[in-house]
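2 protein chains.
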Amino acid sequence: MPSAAQIPLAMLLVFAAAKLLAEIFERLGQPGIVGEILAGVLIGPQVLGWLAPSEFLRALSDLGVMFLLFHVGLEVKASELMKVSGTALLVAVAGVIVPFFAGWGICALWGEPRLESIFTGAAMVATSVGITAQVLASRGLLDMRASRIILTAAVVDDVLGLIVLALVSGMAKGAVNYLGIGLTAGLALGFTFFVARFGTRTVRHVMPRVQARLRLAESEFALAMTLLFALSVLAVYAGVAAIVGAFLAGMALSETAEGRVTELTNGVAELLVPFFLVGIGLHFDLSAFAGAGTLALAGVLLVAAVLSKFVACGLGALRMGRTDAIRVGVGMVPRGEVGMVVAQIGLNLGVIGHNIYGTIVFMSVATTLIAPPLLKLAFGAPTEMEREIIRLG
Amino acid sequence: MPSAAQIPLAMLLVFAAAKLLAEIFERLGQPGIVGEILAGVLIGPQVLGWLAPSEFLRALSDLGVMFLLFHVGLEVKASELMKVSGTALLVAVAGVIVPFFAGWGICALWGEPRLESIFTGAAMVATSVGITAQVLASRGLLDMRASRIILTAAVVDDVLGLIVLALVSGMAKGAVNYLGIGLTAGLALGFTFFVARFGTRTVRHVMPRVQARLRLAESEFALAMTLLFALSVLAVYAGVAAIVGAFLAGMALSETAEGRVTELTNGVAELLVPFFLVGIGLHFDLSAFAGAGTLALAGVLLVAAVLSKFVACGLGALRMGRTDAIRVGVGMVPRGEVGMVVAQIGLNLGVIGHNIYGTIVFMSVATTLIAPPLLKLAFGAPTEMEREIIRLG
C-alpha cells in the first residue's frame, strides 16, 4: 500500500463502516451508536482484521470524545447542573461504592488473587459519560432533568474513579500514599468545582472584549478552541480526564457562544465521534476467553456491572421520582473507554493477568452496547410537557 | 508530562500559536497565513523547540490539507474549470519545464553532482496548491478567472510533477522504466480527467436517491465524507496526491451539496488547516546551512524558484491579459509541502545530501511565505465589475 494512502484509507474504513452499521441498526429500530461500536469489532482484529488499534486512530478517538463532550457542554448551563448537584453527588458516590465492592466480591468468591480482585472492582467504577451523552445529545434530551443529573454525576464519578484508581495502584505498588492521594483528589475536585462555578462568568466578561479586538477570521471559534484545549490540558494536570476539561470548556461557553461556534464544532464532532465509537469496538478481544471458566466469570461480572450501577445510581436519584431514577440508573451503566484504561494500567503494573484484562474489556464494551437500547426504553418518546420544555430550551 | 495530556497539549500549542501569529500578521497588514506558517518555525526545533514533527501532527496536517482542498472544491464547478483548461494546460506545462531546467542548470553551474542537480530541478517543479487556495478562499476570490486557471493548472501540475519525479527517481536507481512511467502517467491523467468530467453528473444522479433512503442522522455529510476519503484513496492508487482526490470530491459535490455539508466541512477545515500550515513551518531547518556557499546557493535557488514559475506560468496565461497573467504567475509560486516531499524522497534514495535537502526545504518554505503577500498585491481589492461577478456567483 502506498504510504500516502494510509491516512485516507484508515479514515474511509472507520468512517464508512461506522455509518453503514449505524444505518443498519437504525433500520432495525436500534440506536445507531451501537452499530458504530460494533463496526469497530467487525473491522477490528477479532473479525475481519482490516484495521488494528494504532497511535493515529487512538489520537483521533481521543479528539473525538473531547469534541463530543465539548459539544455537549455547549448545550448545558452550569447553573442548571448546580441545581441537581446534591442528587448527582449521591448518585456518583453510590455508583462508585456498590460496583467496586460487587466486582471485588465476585472475583474473591471466584478464587481470584486479592489484588486482582480489587483491581477488577476498580475497573467497574467509572462511567463512560461519552456514550450516554452521545445518545442524549443525538435525541435532543440534554435539557431533561435526568440528563443533567447523569452529566453532573459522571463528572463527579470521574474524580472518584481517580481516587479509587490511585488507592488501588498504591496497594499494587505496596505503599498507599494517603497524603498524596488526598492532595490529588483535592486538586481535581477544586479544579472541577472552580471552573464549573466561575467559568461561565469569567468567559462572559472576558470573551466579548477579547473578541472585539481581534482581526482574525473566525475569531470566536479560534478562542473557543483555545479554551477547549487549554482546559483539557489543565484537567489532565489537575488529575481528571481531558474530557472533563472539554466538557467544562463547553459549559463555560454555553451562555456566550453564538450559533457559529456550535455549527463549526458540530462538523468536527460529526467527523470524529465515529472514531471514538469504533475505537471502543476495535479493542474488543475474545482471545482471553480460553476456558469456560473465564467466560462464566465474564458473564457474571457483566451482570454485576450493569445491576450494581443501575441499582446504586437509581437509588441515589430516587427522590426525583421513579422515572428519573430509572433513567439515571441506566445512563450510568456504560463503562466504555474508561474501564479499558483501568484494565490497561493493571496490565502494565503486572497486577492483573491477560484473562482478567480480557474480562474487563469485555465488560466495558458490553455495558456500552447494552446502555443505548436501555436508554431508548427508559427515556421513551418525550411526553408533551417535556417536549415543551425542550422547545423552550 | 502525563501521557493523557500529550494530545490536547499538542493541539493547544499548534492551534493557539497559529492563531496568535495570524492575528499579529493581520494587524501588520500581512496575510494571516504567513503568520501561521511562521508559528511552526517559531515553536519548532529551530527556535523555541516546543514541538517537533511527529506522526500525529503529520496525520493532522495531511487531513488539514485534504479538508482545505475539499472545501475549495465545494466552491468550484467542474464545468467552469473545463472552460479554462486550455490555458491551464499551457500554464502547467511551462511551469514545470522552466523551473526544472532552472534548478538543474543552477546546481550544475554551481558544481554539484549531476544526479543531485537533476533532483533539485525536480523538487522545484510542483506547486503547492494548498497555500494559494487558502489565500483565495479566505478572500472570497475562488470565482475569479485567474483563480480557476490556478486551480486547474495546479491539478495538472501535480500529474506532471509525478512524471518528473518518476523519471528522476528511475535515473537515481539506474534504470528508467519508460513504459511503466507512461502507464502510471496515463492512469493518473485518466483518473483525474474522468472524475473531473463525469463526477458531478454521477453525483447529481446518485446522491439524492441514496440519501433519500437513508435513516442516518446527517446522512448527507456522511455520504460526502465517504466520497472524500474514497476519492483520496483512489487518487493515491492512481498515482496523484490524495489532495487531488479531495479536490475532485469537493468539485463533484459542488452542484448538489447543500449548505449543511459546507458548514460542517468548514468546522473541520477551520480546526485542521492550521496544522497543515504549522506543519510546513515545523520542517524549516537552518542547520544545513553550515557554510556561506550553501547559503548563497539557497538564495540563488530561491530567486530562480520564484522567477521561473512566475515568468513561465505568467507567459502561459498571457492571452488572458496582463492582470490575469500576473495573478496566475504569482499563484503558482508556492512549493510548500510538495517540494519537501520530493526532497525527502531524494534523501531516502541517497541521491541528495543533507545540505541540498536543507536548501530545498528552505526554498519550499520561503516560496510559500513569499506568495501570500504577492497574491494580495496581484489580486488587490477586487474591481467593481469583479465584485459584481463574485456577487452573482
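In order, the protein sequences belong to chains A and B.
The numbering used here numbers the first residue of the first sequence as 21 and each following residue consecutively.
The numbering used here numbers the first residue of the second sequence as 21 and each following residue consecutively.
Just so it is clear, CB atoms sit at the ideal spot from N, CA and C, and this is done for glycine as well.
Specify, as a first and last residue, the run of the alpha helix (DSSP H) that residue i falls within.
i	result
A:W124	S105 to L129
B:E46	Q26 to R47
B:V281	G279 to L302
A:F76	E75 to L94
A:L156	V149 to S158
A:Q231	Y198 to R233
B:E240	S239 to A258
A:P392	H374 to F399
A:S328	A312 to G336
A:M271	A262 to L273
List the residues of chain A that residue i touches, going by C-beta distances under 7 Å, in chain order.
i	result
B:A72	What B:A72 touches in chain A: nothing, since even the nearest Cβ is about 15 Å away.
B:R339	Within 7 Å Cβ-Cβ: nothing; B:R339 doesn't reach chain A, min ~35 Å.
B:F241	E290
Is residue i buried or exposed, if buried means 16 or more other CB atoms sit within 10 Å of its CB?
i	result
B:E132	buried
A:A98	buried
B:P228	exposed
A:A72	exposed
A:G413	The predicted model places A:G413 with a pLDDT of 44, which falls under 50 and marks its position as unreliable; any figure quoted below should be read in that light. It counts as exposed.
A:E75	exposed
A:A208	buried
B:E278	exposed
B:R355	buried
B:N286	buried
A:F120	buried
A:Y377	buried
A:G123	buried
Verify whether the separation of the beta carbon atoms of residue i and residue j is less than 7 Å.
i	j	result
A:I380	A:A363	yes
A:A112	A:V176	yes
A:A192	A:L110	no
B:A146	B:G181	yes
A:L129	A:W70	no
B:F399	B:L161	yes
A:I169	A:V104	yes
B:V293	B:G84	yes
B:I126	B:V188	no
A:I63	A:P392	no
B:A114	B:A316	no
A:A262	A:A269	no
B:R235	A:R47	yes
B:F249	A:M31	yes
So the candidates are the options; which of them puts its Cα closest to the Cα of residue i?
i	options	result
A:G334	A:A166, A:P392 and A:E46	A:A166
B:G106	B:S328, B:L338, B:A242 and B:D305	B:L338
A:V149	A:F90, A:G200, A:W124 and A:S137	A:F90
B:S252	B:V264, B:V226 and B:L101	B:V264
A:L302	A:Q66, A:I53, A:Q26 and A:A36	A:Q66
A:F211	A:Y257, A:V223 and A:N197	A:Y257
A:A174	A:L187, A:A59, A:G190 and A:A153	A:A153
B:G60	B:L40, B:Q50 and B:L156	B:L40
A:I117	A:L185, A:F267 and A:S239	A:L185
B:A37	B:T343, B:L297 and B:M352	B:L297
B:G359	B:T343, B:A232 and B:A386	B:A386
A:M102	A:E56, A:F213 and A:V371	A:F213
A:T282	A:F45, A:V96 and A:A255	A:V96
B:A6	B:N375, B:V179 and B:G219	Any question about residue 6 of chain B goes unanswered here, given that chain B covers just 21 to 413.
A:M340	A:G299, A:R221 and A:M164	A:M164
Run through chain B and tell me which residues come within less than 7 Å of residue i, C-beta to C-beta.
i	result
A:D82	I27
A:L291	M245 and V288
Give the residues of chain B in contact with residue i, contact being defined as C-beta atoms less than 8 Å apart.
i	result
A:E89	In the sequence on display, residue 89 of chain A carries Leu and not Glu. In chain order: nothing, as chain B lies at least about 12 Å away.
A:F76	E75, F76 and A79
A:T285	G287
Note down, in chain order, every chain A residue with its Cβ under 8 Å from the Cβ of residue i.
i	result
B:E95	Within 8 Å Cβ-Cβ: nothing; B:E95 doesn't reach chain A, min ~16 Å.
B:T246	L32, F35, A36 and K39
B:L273	The premise fails here: B:L273 is roughly 15 Å from chain A at the closest Cβ pair, so nothing lies under 8 Å.
B:S158	A237
Examine the ligand MN and report whether any of its heavy atoms sits within less than 6 Å of the Cβ of residue i.
i	result
B:G60	The model depicted lacks the ligand MN and carries no ligand whatsoever.
Under 9 Å Cβ-Cβ, which residues of chain B neighbour residue i?
i	result
A:A250	P28, L32 and A36
A:R347	Those do not exist, as A:R347 stays about 22 Å from chain B at its closest Cβ, beyond 9 Å.
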